[in-house]
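Engineer: For the sequence shown, the tail end lands on 137 under the working numbering, and the numbers increase by one without skipping. Positions of the beta carbon are idealized from the N, C-alpha and C atoms, including for glycine. Encoded as structure tokens, here's the structure I'll be asking about.
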Amino acid sequence: KLFCHAQKVVYLPKAYYHYMQTNPNAFTKNMSDLQLVQINHNATNLLNYLENSEALPLNDENIEFFKLNTKIPFLISTDKNMYAIWRTWYPESNAFINRNPAFSLRVKLLQYAALKHQDWLVLWYNKILVKLVYGIIYR
């Protein structure tokens, strides 16, 4: 909410923080029911603020991109229940998957697989690419 009122935004070419997760069982990878409730509450609260605020005029497309970004972490998991949650959160935003310029083709395909209930493909992506390639090879 604070960023909505910023008078100036600057780019800093130097990285001051870098985080690379190599532990697939890390706390941030396993969401509890309480964490899901908190994420939903925070996202809904921010969406309400943005939709009713004059501080930062956003078009509907940007709101839908935010919703898609909010639920992306549900697809970076080997828990199939998370894919079902992805489908239930903000289903209206799914029509904007292909329009989001911030998403790579890989992320768009992952979202389309989840949308079409191709959970086996999302699971394969997480087991092969995320765990094997990023978890072992790039360690």
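1) Measuring straight from C-alpha to C-alpha, what distance separates Thr42 and Asn98?
2) Should the stretch 47 to 65 be regarded as contacting the stretch 103 to 118, the criterion being three or more beta carbon pairs within less than 8 Å?
3) In chain order, what are the residue ranges of uninterrupted alpha helix (DSSP H) at least 4 long that sit wholly in the stretch 27 to 62?
4) At 4 residues or longer, and completely inside the stretch 62 to 107: list those alpha helix (DSSP H) runs for me, N to C.
5) Using 8 Å for Cβ pairs, my map puts Lys65 next to Ser102. What's the rounded Cβ distance?
6) Is it buried or exposed for Glu62, if we count other Cβ within 10 angstroms and need 16 for buried?
7) So the candidates are Asn40, Met80, Asn96, Met29; which of them puts its Cα closest to the Cα of Leu121?
8) Between which two residues does the alpha helix (DSSP H) holding Leu148 run?
Structural biologist: The short version:
1) Numbered from its first residue, the sequence shown carries residue 42 at position 44. Numbered from its first residue, the sequence shown carries residue 98 at position 100. When rounded, the distance between both Cα atoms is 20 Å.
2) no
3) Within the stretch 27 to 62, the complete alpha helix (DSSP H) runs of at least 4 residues are 31 to 50.
4) Taken in chain order, the complete alpha helix (DSSP H) segments of 4 residues or longer contained in the stretch 62 to 107 are 78 to 86.
5) Sequence index remark: in the sequence shown, residue 65 carries index 67 (1-based). Sequence index remark: in the sequence shown, residue 102 carries index 104 (1-based). Not quite, the Cβ-Cβ distance comes to about 18 Å (not below 8 Å), so this is no contact.
6) Position 64 of the sequence shown, counting from 1, holds the residue named residue 62. Result: buried.
7) Stepping through the sequence shown from its first residue, residue 121 is reached at position 123. Here the closest residue by C-alpha is Met80.
8) The first residue shown for the chain is -1 and the last is 137, placing residue 148 beyond what the model contains.
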